Structures are given as C-alpha cells and as structure tokens.
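Residue numbers (my numbering): 564 to 839.
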C-alpha cells in the first residue's frame, strides 16, 4: 500500500512539469487580500475627515499628516516602518490602498518615505531581475555571490521568504547566489529582525568577521526600523542602530522578488566599497 502511494505521488509530481517561475508578474497570482505594500491614492479629496484618524491609528507611526485647513495636506508614508496591518485603509479608503505589489528596496532609509503621488513599485519579472543580478555578480566578483543570513530577533516571517528563494519555484542558485554557513565566507549579510539587545553583540561580531568589501542588507520592516517590535527596552529599533546598512528591503515580510531586488542593489554597492 505504501509503495502504491509513493508511486502515485511520484506520478503526480512528474506530471506537474517545470515549476520554476520565469515571470511571477504574469505566471503567479496572489491570493485575494494578499498584502504586499500600502499605496497613497492620488487625487483624494482635499480634507477627508479620516486623515487624522489614519495617522492616529497607525501603530508603527509610519503615517505622517500635516494639515492646517488652508491648503493641501502634506502626507508621507514610511514603508520602512509599515508592517501592513491594513488599518489605515479601513480608516481612510480614499487615501490608502493595500495592494499585492512589493515595495521597492532602497539604498538610503529616507528613500523608503513616500509622499502623495510618488509611490513606486517594481514591475520587472523575477527572471529579468535575476538575470541582471547574475550579470552584475559576474562583472563585479567574477564568481558567485555568497550570502550569510543573520536572524537578529525575527519572528521568522522573513526567514520563510528568504528560504523560499532556494526552493524549486524561485531557485536563486541559477543566478549565482549561494547561502553560506559562515560570515567569513560571505560577501553580503542578509539581516532580519529588529536587532534585539540579546543579539547586539553577536551581530557586531558577525559584521566584524565578514571580509571587506562587505555589504549589509536589512530585511523587512523590523530590520529597517524595528517594525512591529518598535524601539523598546528589548530591541534597538533596527539593524542600522548596530551596524552600517547599505540596502533596506521593506515589507512584513518582503516577497522573494523584493529580496532578490535588494540583492541586486547590494551588488551595486560592492564596487563603491572596493574603491574606498
């Protein structure tokens, strides 16, 4: 009986064909209600009553609104702090929209702050981003990109997405990206979590053990700003409070496409560090 079940399972697997995605924008479909990022809706009414309510209801303080009643309100949204609870959309649906596109990673923290009418999303396919990254890795390093993942107090949501990069669906090794067991073998430190106090010394030592030119990538809202954990007695409020960060990947958690996009930015940083 067990042999028959195994044979049937193998038949089903073989019948699935090639599972590795080339273009997740068209080949993959997010479930209804999937939260990838929050967008500011353009052409909103000048003074919706829910403006201030949305700011007050934001637990991460990602929303800032300045309105004096005389002119258009100034509205900013910090995707580095947003953990996609969706309460802003409930309070002000005319102003905020949660959609499935991932927020763009950035080299500077201030680039994660968006103003009304300036929302940016990535429309490039996973395959295109990966091939571009593969070319840059070959040009800059002449070999594979070695990545060491560090959990600095994460809830493990980001780890699940990072692990997905190695599964047959995404298969990042085809782009020349390898995860290594030691920081001494790494080019990039991929750090998750709000940088808890208990991980502070370990993260510093990991950073010091990584050979130059090293690049640090903060993954997720927690890595960028402390996220849902905030800046408390138990956390430091973000990876850049402990070690220098070169790339920020927002999201809670960020999709595998976003992590790959962040690694693409990280490779861009290596030549700059080699020159210093």
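Glycine included, each C-beta is placed from N, C-alpha and C at the ideal position.
Model, not experiment: these values are computed from the prediction.
Using the Cα positions of residue 709 and residue 746, report the straight-line distance between them to the nearest angstrom. 9 angstroms
Leaving out the 5 sequence neighbours to the left and right, which residues in its chain are closer than 7 angstroms to residue 598 when beta-carbon positions are compared? 647, 649, 661
message = Check whether the segment 725-740 and the segment 790-804 are in contact - that is, three or more C-beta pairs closer than 8 angstroms.
response = no
Hey, quick one: how far does the beta strand (DSSP E) through residue 713 stretch, first residue to last?
708-714
Using the Cα positions of residue 785 and residue 705, report the straight-line distance between them to the nearest angstrom.
33 angstroms
At least 3 beta-carbon pairs within less than 8 angstroms: the segment 812-827 vs the segment 769-777: no
Taking 8 angstroms as the threshold (C-beta atoms), are residue 743 and residue 782 in contact? no
Next on the checklist: What does the Cβ neighbour count give for residue 795, buried or exposed, with the cut at 16 atoms within 10 Å?
Outcome noted: exposed
Apart from the five residues on each side of it in sequence, which residues of its chain come closer than 6 angstroms, Cβ to Cβ, to residue 642?
666, 675, 813
Q: Compute the Euclidean distance between the alpha carbons of residue 629 and residue 622, then round it to the nearest angstrom.
A: 18 angstroms
Boundaries of the beta strand (DSSP E) in which residue 788 is found, first to last residue
No beta strand (DSSP E) holds residue 788; the alpha helix (DSSP H) holding it covers 783-788.
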